[in-house]
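Novice:
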Amino acid sequence: MDGQVLLHRFRYHLGCGFITPTDIVLDLGSGHGYGTKILAGVAKFVTGYDFDKRNIHTGNTRHKVKNNKFVKADLETAKLKNADVATSFEVIEHLYKPYDFIQKIKSKIRKFIVVSVPIGERLHEVDGDIQVIGDWSHHSVFPSQEDLDKMFVDENWGRFYGIRSGVTYIAVYYNKNQYEN
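Residues 172 to 352 in my numbering are what the sequence shown lists, from first letter to last.
In structure tokens form, the structure reads like this:
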């Protein structure tokens with residue numbers, strides 16, 4: 172395994188710490204599906220959503236277990252089911268309307284949302300031209316830690332945990348109605 176795969180697996184194992192055996196989980200942006208399978212090792216059931224039909228095929232052929240399934244969907248327009256926990260790793264920065272997506276998942280999740288995004292890309296002026304420094308080629312937005320927290324934290328949702336490692340921000344948000352009443 173290369174370092175990138177190890178980092179992705181770490182995120183899924185972190186997510187497992189917020190799942191109980193009775194939880195229904197949404198893996199939003201499941202990619203090839205290995206993370207969905209990792210989550211299914213703890214959860215009652217996990218649905219992995221991904222935009223790429225090749226990823227769905229890989230999930231169904233390599234990572235399908237009795238308590239998971241894979242669904243091809245555009246996360247910005249998909250009708251998501253209610254669940255206890257959601258994970259979304261390295262996805263939000265690809266969306267055209269990340270705030271709308273975050274509001275949608277907050278309305279569907281009862282307990283925790285575990286996310287990661289690359290941060291730290293920024294604009295610089297070089298010889299009069301504005302240039303993006305960082306991996307901008309496939310990102311629609313470049314949220315900072317503070318920007319992501321502002322999209323999640325409100326009267327119903329709080330940030331339980333957040334850590335920045337290099338250009339990656341990993342955070343866990345919790346439903347205050349579940350844990351503060």
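All residues carry an ideal CB built from backbone N, CA and C; glycine is no exception.
1. I'd like to confirm the pairing. Which residues does DSSP put opposite Ile341 in its beta bridges?
2. Only counting the same chain, and skipping five residues up and downstream in sequence, which positions put a Cβ closer than 7 angstroms to that of Gln316?
3. Grab me the residues of Met322's own chain with a C-beta within less than 6 angstroms of its C-beta, minus the 5 sequence neighbours each way, in chain order.
4. What is the DSSP secondary structure of Trp307, counted as helix, strand or coil?
5. Using the C-alpha atoms, what's the distance from Gln349 back to Tyr220?
6. Count the C-beta pairs between the segment 247-260 and the segment 204-222 that are closer than 8 angstroms, then say yes if the count reaches three, no if not.
7. Going by CA-CA distance only, name the one from Val262, Lys252, Leu246, Arg225 that's closest to His203.
8. Just to confirm my understanding: we take Lys243, look at its own chain, exclude 5 residues before and 5 after, and list those with CB closer than 6 angstroms. What are they?
9. Measure the beta-carbon distance from Asn239 to Val217 and round it to whole angstroms, keeping in mind my assumption that it falls under 8 angstroms.
10. Could you check the C-alpha separation between Arg180 and Asp318 for me, to the nearest Å?
11. In whole angstroms, what is the alpha-carbon distance linking Gly353 and Gly200?
12. Within 10 Å of its beta-carbon, does Gly337 have 16 or more other beta-carbons around it, so buried, or fewer, so exposed?
13. Indicate the three-state DSSP secondary structure (helix, strand or coil) for Thr218 in the structure shown.
14. Residues in its own chain within less than 7 angstroms of Val343 by CB, not counting five upstream and five downstream?
Specialist: So, from the data block:
1. Ser287, Ile334
2. Ile290, Gly333, Arg335, Tyr340
3. Tyr270, Ile273
4. Because the pLDDT of Trp307 is 48, which lies under 50, any placement of that residue in the model is unreliable, and the number read from its coordinates should be weighed accordingly. In the structure shown, Trp307 sits in coil (DSSP, three-state: anything other than H, G, I, E or B).
5. 25 angstroms
6. yes
7. Arg225
8. Lys224, Ile227
9. 4 angstroms
10. 25 angstroms
11. This structure gives no information on residue 353, because the portion of the chain shown stretches from 172 to 352.
12. exposed
13. strand
14. Phe189, Phe283, Val285, Phe331, Tyr332
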